[in-house]
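Before any comments, here is the structure.
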Amino acid sequence: MSIATFFAMGGYAFYVWTAYGICFLVLVFNILMPIRQRLSFLQELARKQQRQQ
Amino acid sequence: MKFIPDPVGKFFHRMASPPHFYALAGQMIPWLTGIFLVLLGYGLFAGLYLAPTDYQQGDSYRIIYIHVPSAWMSLFIYIVMALAGAIGLIWRIKLAEIMAISSASVGASFTFIALVTGSLWGKPMWGTWWVWDARLTSELILLFLYLGVMGLYNAIDDKRTASKAVAILALVGVVNIPIIHYSVEWWNTLHQGPTVTKMDKPSIHISMLIPLLTMAVAFKFYYVIAVLQRARLELLHRERTSAWVKKLVMEQNK
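Chains as they are written, first to last, in this note's numbering: chain A, 1 to 53; chain B, 1 to 254.
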C-alpha cells in the first residue's frame with residue numbers, strides 16, 4: 001500500500017481524517033487547558049504571597 | 001465492631017488527603033501518559049493500517065476506532081461521575097466531589113466526539129449528517145446533562161453546595177444511561193445494533209476487534225490522565241487558603 005492510497009482512505013479521506021482530526025484536537029485541548037490554568041493560578045497565588053511578605 | 005482493618009482505613013485516609021493526592025497525581029501522570037501513548041500508537045496503526053477494509057462500508061468504517069470507544073467512554077464516565085457524586089453526597093468526602101466535577105468536562109468531550117464522528121460516519125453511509133432516532137437523540141441529551149452539570153457547578157459560588165446540587169442532577173440523569181444503551185434494541189433506529197457487546201458472539205472480525213479494544217483501553221487511560229489534571233486544578237482552587245497550598249507556593253517562590 002502506498003502512502004497516497006493510505007491517505008485516500010478508499011475515497012472517504014474527508015470523513016475519516018476530519019473525524020480523527022476533531023477527536024485529536026478535543027483530546028489535546030482537554031489536557032492542556034487544566035495544566036495552563038493550574039500554572040497561572042499557582043503564579044497568581046505566588047504573587048499574592050510575595051505582596052503580603 | 002470494626003469492618004475495616006486499621007491499615008486499610010489509614011491507607012484510604014491518606015489517599016483522600018488533598019496534599020497527598022495532589023503530589024501522587026502529579027507523579028502518576030507521566031507514567032499513565034506513557035502507557036496511553038503506546039496503546040494509542042498501536043491502536044491507530046492497527047486500526048488505520050493493519051485492519052482490512054470493510055466489505056460493505058469500505059474505509060469509512062475506520063471511524064469506528066474513535067467513535068465506539070468515545071461513545072463507551074461517554075457512558076462510563078457518566079456512571080463514574082454519578083457514583084463519585086453519590087459518595088460525596090453521602091460521606092461528604094471532598095475528593096469524591098472533586099472527582100465528580102472533574103469527570104464532567106472529560107465526559108462532555110467524549111460525548112461531543114461520539115456525536116461528531118458519528119455524524120461524519122453517517123453522512124457517507126446513511127446519506128445524512130443527523131437523524132432524530134433514539135440512539136442519536138439520547139446521546140445528545142447526555143451531552144446536555146454533562147453541560148448542565150458543568151453550568152450548575154459554575155453558577156453556585158459555595159463549592160460544597162455546588163457539589164451537592166451537581167450530584168443530585170447527575171444521579172437523576174442516570175436514567176438516560178440504559179436508554180442510550182438499549183435504544184438500538186427497543187426502537188427501530190437507523191443507528192446499527194451492537195456489534196461487540198452481544199452476549200453470544202461478537203459480529204466483528206478479530207482483526208478489527210483488537211484495534212477497537214486497544215483504543216477503548218487507551219481512552220480509559222486518557223480519562224484517568226485528564227481527570228487527574230482537572231482534579232489537581234480544582235483541588236488548588238478549593239484549598240487555596242490552606243497551609244499545604246501556601247507551603248507549595250512558598251517552595252515554588254524560592
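Glycine is no exception: its CB is placed at the ideal position from the N, C-alpha and C atoms.
Closest by CA to L117 of chain B, which one among B:D59, B:W129, B:R92 and B:A108?
If you number the second sequence from 1, residue 117 of chain B lands on position 117. According to the sequence provided, residue 117 of chain B is Thr. The question's Leu does not apply to it. Answer by Cα proximity: B:W129.
Within a Cβ cutoff of 8 Å, which residues of the same chain sit near P7 of chain B, ignoring the five residues on either side of it in sequence?
For the purposes of this step, residue 7 of chain B is taken as the residue at position 7 of the second sequence. So no residue of the chain qualifies.
Measuring CA to CA, which of B:G43, B:I63 and B:F21 is closest to K123 of chain B?
Taking the second sequence and counting its residues from 1, the one referred to as residue 123 of chain B is at position 123. Considering only alpha carbons, the answer is B:I63.
Is there at least one Cβ from chain D nearer than 9 Å to A46 of chain A's Cβ?
The chain labelled as chain D is not found among the protein chains of the depicted structure, namely A and B.
Identify, in the order they occur along the chain, each residue of the same chain with its Cβ nearer than 8 Å to the Cβ of L152 of chain B, setting aside the five sequence neighbours on each side.
Here residue 152 of chain B refers to the residue found at position 152 when the second sequence is read from its first residue. Closer than 8 Å at the Cβ level, and outside the excluded window around L152 of chain B, lie A162, A165, V166 and L169.
Quick one: what does DSSP say D6 of chain B is sitting in, helix, strand or coil?
Translated into positions along the second sequence, residue 6 of chain B becomes position 6. In the structure shown, D6 of chain B sits in a helix (DSSP, three-state: H, G or I).
For D157 of chain B, name the three-state secondary structure that DSSP assigns.
By 1-based counting over the second sequence, the position of residue 157 of chain B is 157. Coil at D157 of chain B, not helix or strand.
Cβ closer than 8 Å: which chain B residues qualify as neighbours of A4 of chain A?
Walking along the first sequence from the start, residue 4 of chain A turns up at place 4. Correct list: empty, because the minimum Cβ distance to chain B is about 13 Å.
For F21 of chain B, which residues from the same chain have a beta carbon less than 8 Å from its beta carbon, with the 5 sequence-adjacent residues on both sides left out?
Numbered from its first residue, the second sequence carries residue 21 of chain B at position 21. Same-chain partners within the cutoff: M15, L95, A231 and L235.
Just grab the DSSP bridge partners of H88 of chain B for me.
What you label residue 88 of chain B is simply residue 88 of the second sequence in a count that begins at 1. According to the sequence displayed, residue 88 of chain B carries Gly and not His. BP columns for G88 of chain B are empty, so no partner.
Counting only C-beta atoms, is R51 of chain A closer than 9 Å to chain B at any point?
Position 51 of the first sequence, counted from the first residue, corresponds to residue 51 of chain A. Answer no: the Cβ-Cβ gap between R51 of chain A and chain B never drops below 9 Å.
According to DSSP, is D59 of chain B part of a helix, a strand, or is it coil?
Here the question's residue 59 of chain B lines up with position 59 in the second sequence. It is helical.
Measure the Cβ-Cβ separation of G193 of chain B and Y12 of chain A and say whether it is below 9 Å.
Residue mapping note: residue 193 of chain B aligns to position 193 of the second sequence, counting from 1. Residue mapping note: residue 12 of chain A aligns to position 12 of the first sequence, counting from 1. It is not a contact, given that the beta carbons lie outside the stated cut-off.
Taking the alpha helix (DSSP H) that E239 of chain B falls in, what are its first and last residues?
By one-based count along the second sequence, residue 239 of chain B stands at place 239. Unbroken run through E239 of chain B: none, as it is neither H nor E.
Within 10 angstroms of its Cβ, does M73 of chain B collect 16 or more other Cβ (buried), or is it exposed?
Within the second sequence, numbered from 1, the residue matching residue 73 of chain B stands at position 73. Label assigned to M73 of chain B: buried.
Give me the DSSP bridge partner(s) of D133 of chain B.
Sequence index remark: in the second sequence, residue 133 of chain B carries index 133 (1-based). BP columns for D133 of chain B are empty, so no partner.
Would you mind working out which of B:L37, B:P211, B:L145 and B:G107 sits nearest V196 of chain B, comparing C-alpha positions?
As a first step, residue 196 of chain B must be located in the second sequence, where it is residue number 196. Of B:L37, B:P211, B:L145 and B:G107, the residue nearest in Cα terms is B:P211.
Which runs of the beta strand (DSSP E) fall wholly inside the stretch 96-136 of chain B and span at least 3 residues, in chain order?
none
Residues of the stretch 231-248 of chain B in Cβ contact with chain A at a cutoff of 9 Å, in chain order, please.
A231, R232, L233, E234, L236, H237, R240, V245, K246 and L248
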